[in-house]
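Right, one structure below, let's go through it.
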Amino acid sequence: MARFQQDADATELGRALAELRHAAGLSQAEAGARVGMTSQGWGLYEAGKRPGLFRPDVQRRLTAALDASMEDLALLVARSLAGHAPSTTMISGVESPGQVYGSAPPARARQIETHQLTDDALAPWAASGVVLEFDTGRWPRRDQGCVIDLVSGERRVRLYDHADADAIHVRDASMQRDSLQRIDRADVHRVCAVIARRET
22 MARFQQDADA TELGRALAEL RHAAGLSQAE AGARVGMTSQ GWGLYEAGKR
72 PGLFRPDVQR RLTAALDASM EDLALLVARS LAGHAPSTTM ISGVESPGQV
122 YGSAPPARAR QIETHQLTDD ALAPWAASGV VLEFDTGRWP RRDQGCVIDL
172 VSGERRVRLY DHADADAIHV RDASMQRDSL QRIDRADVHR VCAVIARRET
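First residue of the sequence shown: 22, per my numbering; consecutive thereafter.
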């Protein structure tokens, strides 16, 4: 019986994680890329087939990739367990069209912000004085400019390379891929994609 309860809890957590992902407007591949895993790996969490989903550190990492929090995840699970889930059900782990597991926290509104470069670290991609426009709700692609705000308040503007479970790997315009800069995820407040460059 205890085993069944654990499986049921894992299923509810997975459903809640899927709802947060839908609210963020991300595919499993896009969400997985934010934490350095494949779409299949992310899908296993949503299907409740990875026991690691019970760990707070894993929940924190997965929800952060969705611009959400552990509290958002817990709220959705609580609503579902309290009987607020709709009558539509999960069949063989496939979500029915239009299914909603309660009211998900709204996806964070995407907002365009600007930042003016004060050095030539990214030249010739973007030189000092260039104004960058960046989308606060978009994750960068490889070799795309990115604005990284740290929890310390520091801001770094770099070219994005890749991310894994523990860190984000970036470079400036002069660096080769064998000498990337590593920024620990624990130090990162947000990562935003540069979408335009304007000469002043």
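Using N, Cα and C, we set each Cβ at its ideal position, and we do this for glycine too.
{"Check": "Pro-77: buried (16+ other C-beta within 10 angstroms of its C-beta) or exposed?", "Outcome": "exposed"}
{"Check": "Return the chain-ordered list of same chain residues with a C-beta closer than 6 Å to the C-beta of Gln-49, the five sequence neighbours on each side being excluded.", "Outcome": "Ser-60, Trp-63, Gly-64"}
{"Check": "Measure the C-alpha to C-alpha separation of Phe-155 and Leu-171 and round it to an integer number of angstroms.", "Outcome": "16 Å"}
{"Check": "Specify the secondary structure class of Leu-138 as computed by DSSP and reduced to three states.", "Outcome": "coil"}
{"Check": "Whole alpha helix (DSSP H) runs in the segment 51-79 with 4 or more residues, listed along the chain?", "Outcome": "60-67"}
{"Check": "Who are the near neighbours of Ala-217 in its chain, counting only those whose CB is closer than 6 Å to its CB and skipping five residues on each side?", "Outcome": "Glu-154"}
{"Check": "Count the other CB atoms within 10 Å of the CB of Asp-88; is the residue buried (16 or more) or exposed (fewer)?", "Outcome": "buried"}
{"Check": "Just verifying my parser: in three-state terms, what is the DSSP assignment at Asp-164?", "Outcome": "coil"}
{"Check": "To the nearest angstrom, how far is the alpha carbon of Glu-134 from that of Ala-68?", "Outcome": "36 Å"}
{"Check": "Looking at chain B, is there any beta carbon in it that lies within less than 9 Å of the beta carbon of Leu-138?", "Outcome": "Structure shown: chain B not included; a single protein chain is present."}
{"Check": "Could you say which of Ser-149, Asp-141, Gly-53, Ala-31 lies nearest to Ala-99 if we only look at CA atoms?", "Outcome": "Ala-31"}
{"Check": "Is Ala-147 closer than 9 Å to Gly-166 when the C-beta atoms are compared?", "Outcome": "yes"}
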